[in-house]
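J.: I have a structure I would like to understand better, so I am pasting it below and will then ask my questions one at a time.
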Amino acid sequence: MTPEMKGFLLVTIVKLLVVFTVTMVGVALLTLMERKVSAWMQYRLGPNRVGFWGLGQPAADGIKNIIKEETFPGMANRVLFTLAPALSFIPAMTLASVIHWAAPLPVQFDFALPLLGRFHYDALMPMAVADLPVGFLFVLAVSSMGVYGIALAGWSSNSKYALLGGLRASAQMISYEVAMGLSVVPVLLLTGNVAFGEIIKAQQAGLFGWFILPLFLAFHNFLVAGFAETNRLPFDMPEAESELIAGYHTEYSSMKFSMFFIAEYANMVTVSAMVTTLFLGGWDIPFTHWDETPGVLQTIATGGMMFLKVFFWLFFFMWIRWTLPRFRYDQLMALGWKVLMPIALAYVMLIATAIYLIETVAGVTSPGIRLLVLTLINVGLGYIVFIVLDRGLLISGSRKRGAASGGLDRRAA
Amino acid sequence: MAIGVKVMKRPEKDVSYVRATLKGMAITFKKMLEPKVTMQYPEEKSAPEAERGAWTIAPRWRGTHRMLTDEQGRSKCVACGLCPQICPANCIKLVPGEDENGHRYPLIYEIDEFRCVFCGYCQEVCPEEAIHVGVHYENAEYSRDRFVYDLERLSSQTHPVSTLWDPTDPKGE
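Going down the list, the protein sequences come from chains Y and A. For the first sequence, position 226 (counting from the first letter as 1) is numbered 226 according to the numbering used here, and the numbering increases by one without interruption. For the second sequence, position 59 (counting from the first letter as 1) is numbered 59 according to the numbering used here, and the numbering increases by one without interruption.
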């Protein structure tokens, strides 16, 4: 191996360890945060017995889960039953490796070790474990792998509740994968690239540069689909404890159950980081261009910014959880296929047309004006979707034909 | 639909899911910042009514029993046998005894608190106001047989006794 290759390998291993550790610790703390936020929203205090302010609770839970008895249902398929938690855990953790957590850091070293030889690295190191040129496509591909874990867990448990949970999960996640992928196409249209680094770079023009305003509908669709992808309330059909006990992980105990739990929270982190990257400028600090020049200080500051944004979305997940009740299953499917997907498709067409008109017909090349025009378009669209159409038409799964025509009459009136 | 889902007639005029969601989010966020109601039990306990702590047990609370004693420290019980007679759970064991002056007293007086249903009839029926149900709730023990309270234990309890419901003063004024 050349010194450059060894240097690259070393840097990657270090980043891998850091990202994996931070994600695991973060997930552990997220379980505490979830319980705290849940408690606060119900006038309770939440866990506060283990350690200061309950901070020892995740460790206590972890120890408990490791030393608990593991049960296997008698008629379960042993191999798949054991494999399923890993299959849902691995994609969840893999996804964390393509996110850009901070501004690139200039790294330079050149040293030699006995036996291993010379290590050399001299470049702008992207703060992602793998700075893939196919960034977003990789996320889409791997996140749908998570379905296997859940579907197999439901199938191999040989229990009707688990099976129903697994079936629901696979149908739901595949449906919303479509809406999710389509809702991001406008972002790709604007940046002309699928690499996360480029997407972040395209949003660095300040607050208006962030795609949340120019592509508000896409943002909204992505957020809703993201909730469905992570199986969080109001879309937690696969678990639905009042209907299915615990859904696909009914039969799981101890650390296997815990792995599903970790996977769910890791998915939450990933979706939060994705929303941040795609629509909130990633690690970009608004109103300043200071963070775009590489440096150690900039990397730390942008990392903090990224943390704040991701933290907000994680809180948002919990906030929504205690605001909205669970959807009925057919409403969930109707929302995915009949509302989100058509809106996302129409939106892709509209944004593409708008970009063509602005750039080619009107000949405006300034990105600021382009984003401003798109923002104005979105204000109009937002009015139509959220005010005009939002009269029982958006979420109305099993509406009968007669009732639907009634809806049209009402709109005309 | 293949399955007959009951279609509810929903109010459709002036209904907005997005605005309702936003309103709900505002409510949950506001609730999150409001003061909490949890009483942190081992540190905070029910205070007597006079102190008006975080929480007071009702004076009519019927908890584990207490036997009152007279000035000489003997139990007031005269072993009349009314309480084992009226006890619906049959949890009172009473063996009467009599001294040389003709005073009756309990040789054995045991209450099995596991069988007790805490109705308070024993207190109501007692002519000597000896046995009482107490305003007390911390009853944990390490073994089952510790829940059979004998006379000595019943007499040594110090917690306040219940003021049962009085038909002439139904509101407790």
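By construction, the Cβ of each residue, glycine as well, lies at the ideal position given by its N, Cα and C atoms. Since we're looking at a predicted model, the values are computed, not measured.
Between the Cα of A/C80 and those of A/G63, A/A130, A/T64, spot the shortest distance and give me the residue it belongs to.
T.: As a working note, residue 80 of chain A is residue 80 in the second sequence. Per the Cα distances, A/A130.
J.: Could you name the residues of chain A that Y/F422 contacts, counting a contact when the two beta carbons are closer than 7 angstroms?
T.: Residue 422 of chain Y lies beyond the stretch modelled for chain Y, which goes from 1 to 413, so this question has no answer here.
J.: Which stretch, first to last residue, makes up the alpha helix (DSSP H) that contains Y/Q298?
T.: Walking along the first sequence from the start, residue 298 of chain Y turns up at place 298. Residues 296 to 321.
J.: Sorted by chain position, which residues of the same chain lie with C-beta nearer than 8 angstroms to Y/T250's C-beta, five sequence neighbours on each side aside?
T.: If you number the first sequence from 1, residue 250 of chain Y lands on position 250. Cβ neighbours of Y/T250 beyond the five flanking positions: S157, S159, Y161, A162, G165, L244.
J.: Apart from the five residues just before and just after A/V95, which ones in its own chain have a Cβ nearer than 6 angstroms to its Cβ?
T.: By one-based count along the second sequence, residue 95 of chain A stands at place 95. Here the set comprises L107, I108.
J.: Could you check where the alpha helix (DSSP H) with Y/M349 kicks off and where it finishes?
T.: Within the first sequence, the letter at position 349 stands for residue 349 of chain Y. It spans 341 to 356 - the alpha helix (DSSP H) in which Y/M349 sits, taken as one unbroken run.
J.: Do we get a CB-CB distance below 8 angstroms when we pair Y/M41 with the residues of chain A?
T.: Here the question's residue 41 of chain Y lines up with position 41 in the first sequence. Judged by the 8 angstroms Cβ criterion, Y/M41 is in contact with chain A.
J.: Counting along the chain, where does the alpha helix (DSSP H) carrying Y/G197 start and finish?
T.: Position 197 of the first sequence holds residue 197 of chain Y. 196 to 201 is the extent of the alpha helix (DSSP H) around Y/G197.
J.: Which complete alpha helix (DSSP H) runs does the stretch 65 to 135 of chain Y hold, if anything under 4 residues is left out?
T.: Listed in chain order, the complete alpha helix (DSSP H) runs (minimum 4 residues) inside the stretch 65 to 135 of chain Y are 78 to 95.
J.: Reducing DSSP to helix, strand and coil, say where Y/L415 ends up.
T.: Because chain Y in this structure spans residues 1 to 413, residue 415 of chain Y falls outside the shown range and cannot be described.
J.: Following the continuous alpha helix (DSSP H) through A/D214, name the residue where it begins and the one where it ends.
T.: A question about residue 214 of chain A goes unanswered here, because the residues of chain A that appear run from 1 up to 173.
J.: Could you give the distance in angstroms between the alpha-carbon of Y/P415 and the alpha-carbon of Y/L152?
T.: No information on residue 415 of chain Y is available, as it lies outside the stretch 1 to 413 that chain Y covers here.
J.: Which class does Y/L213 belong to by DSSP, given the choice of helix, strand or coil?
T.: Here residue 213 of chain Y corresponds to residue number 213 of the first sequence, with the count starting at 1. Here Y/L213 sits in coil by DSSP.
J.: Cβ of Y/F279 within 8 angstroms of Cβ of Y/I212?
T.: Numbered from its first residue, the first sequence carries residue 279 of chain Y at position 279. Numbered from its first residue, the first sequence carries residue 212 of chain Y at position 212. Yes; because the gap between Cβ atoms is below 8 angstroms, this pair is in contact.
J.: Would Y/V194 pass as a contact of Y/G135 if the rule is Cβ separation under 8 angstroms?
T.: Residue 194 of chain Y sits at position 194 when you count from the first residue of the first sequence. Residue 135 of chain Y sits at position 135 when you count from the first residue of the first sequence. Cβ distance < 8 angstroms, so Y/V194 and Y/G135 count as in contact.
J.: Quick one: what does DSSP say A/K6 is sitting in, helix, strand or coil?
T.: Taking the second sequence and counting its residues from 1, one reaches residue 6 of chain A at position 6. DSSP places A/K6 in coil when its eight states are reduced to three.
J.: Starting from the beta carbon of A/G24, find every residue of chain Y whose beta carbon is closer than 8 angstroms, and list them in chain order.
T.: If you number the second sequence from 1, residue 24 of chain A lands on position 24. Neighbours of A/G24 on chain Y, chain order: T323, L324.
J.: Roughly how many angstroms lie between the CA atoms of Y/G282 and A/A58, to the nearest whole one?
T.: Here residue 282 of chain Y refers to the residue found at position 282 of the first sequence. Here residue 58 of chain A refers to the residue found at position 58 of the second sequence. Using only the alpha carbons, I get a separation of about 58 angstroms.
J.: Taking the alpha-carbon positions, what's the Y/F222 to A/W61 distance?
T.: As a working mapping, residue 222 of chain Y is identified with position 222 in the first sequence. As a working mapping, residue 61 of chain A is identified with position 61 in the second sequence. In a straight line, the C-alpha of Y/F222 is about 56 angstroms away from that of A/W61.
J.: Against chain A, with Cβ distances strictly below 8 angstroms, would Y/R78 count as a contact?
T.: Mapped onto the first sequence, residue 78 of chain Y falls at position 78. Chain A contact via Cβ: absent.
J.: Roughly how many angstroms separate the alpha carbons of A/P127 and A/S46, rounded to a whole number?
T.: By one-based count along the second sequence, residue 127 of chain A stands at place 127. By one-based count along the second sequence, residue 46 of chain A stands at place 46. In a straight line, the C-alpha of A/P127 is about 31 angstroms away from that of A/S46.
J.: Within its chain, find whatever has a CB closer than 7 angstroms to the CB of Y/V275; leave out the 5 residues flanking it on each side and keep chain order.
T.: Counting from one through the first sequence, the residue named residue 275 of chain Y turns up at place 275. Within the same chain, Y/V275 has close Cβ partners F222, L223, G226, W313.
J.: On the CB-based measure, 16 or more other CB atoms within 10 Å of its CB, does A/R66 come out buried or exposed?
T.: For this step, residue 66 of chain A is matched to residue 66 along the second sequence. Classification of A/R66: buried, given that the 10 Å Cβ count is 16 or more.
J.: Rounded to a whole number of angstroms, what is the C-alpha to C-alpha distance between Y/L83 and Y/E229?
T.: If you number the first sequence from 1, residue 83 of chain Y lands on position 83. If you number the first sequence from 1, residue 229 of chain Y lands on position 229. So the two alpha carbons sit approximately 21 angstroms from each other.
J.: Does A/M67 come within less than 8 angstroms of chain Y when only Cβ atoms are used?
T.: On the second sequence, position 67 is the one that residue 67 of chain A refers to. Taking Cβ atoms only, chain Y never reaches closer than 8 angstroms to A/M67, which makes this a no.
J.: Could you give the first and the last residue of the continuous alpha helix (DSSP H) run that contains A/E179?
T.: Past the edges of chain A, shown from 1 to 173, lies residue 179 of chain A, and the structure says nothing about it.
J.: Taking buried to mean at least 16 other C-beta atoms within 10 Å of its own C-beta, is Y/H220 buried or exposed?
T.: For the purposes of this step, residue 220 of chain Y is identified with residue 220 of the first sequence, where counting begins at 1. So Y/H220 ends up on the buried side.
J.: Do you know offhand how far Y/N77's Cα is from Y/S175's?
T.: Here residue 77 of chain Y refers to the residue found at position 77 when the first sequence is read from its first residue. Here residue 175 of chain Y refers to the residue found at position 175 when the first sequence is read from its first residue. Cα-Cα distance, rounded: 27 angstroms.
J.: Closest Cβ-Cβ distance between Y/L233 and chain A: below 8 angstroms?
T.: Reading the first sequence from its first residue, position 233 is the one you call residue 233 of chain Y. No, no contact with chain A.
J.: Would you say A/K36 lies against chain Y (beta-carbon separation less than 8 angstroms)?
T.: The count along the second sequence starts at 1 and reaches residue 36 of chain A at position 36. True, the Cβ-Cβ gap to chain Y drops below 8 angstroms.
J.: Along the stretch 74 to 95 of chain A, what residues have a CB closer than 7 angstroms to any CB found in chain Y?
T.: Answer set for the stretch 74 to 95 of chain A: empty.
J.: Pop quiz: Y/S254 and Y/K68 are said to be a contact at Cβ under 8 angstroms. What is the actual Cβ separation, rounded to whole angstroms?
T.: As a position in the first sequence, residue 254 of chain Y is number 254, starting the count at 1. As a position in the first sequence, residue 68 of chain Y is number 68, starting the count at 1. The Cβ separation is near 4 angstroms, so the contact holds.
J.: Find the residues of chain A that neighbour Y/L45, judging by a C-beta separation of less than 8 angstroms, and give them in chain order.
T.: Against the first sequence, residue 45 of chain Y aligns to sequence position 45. Under the 8 angstroms cutoff, chain A gives K36, T38, Q40.
J.: Contact criterion: CB-CB distance below 8 angstroms. Does A/K45 meet it with respect to chain Y?
T.: Residue mapping note: residue 45 of chain A aligns to position 45 of the second sequence, counting from 1. Closer than 8 angstroms: no.
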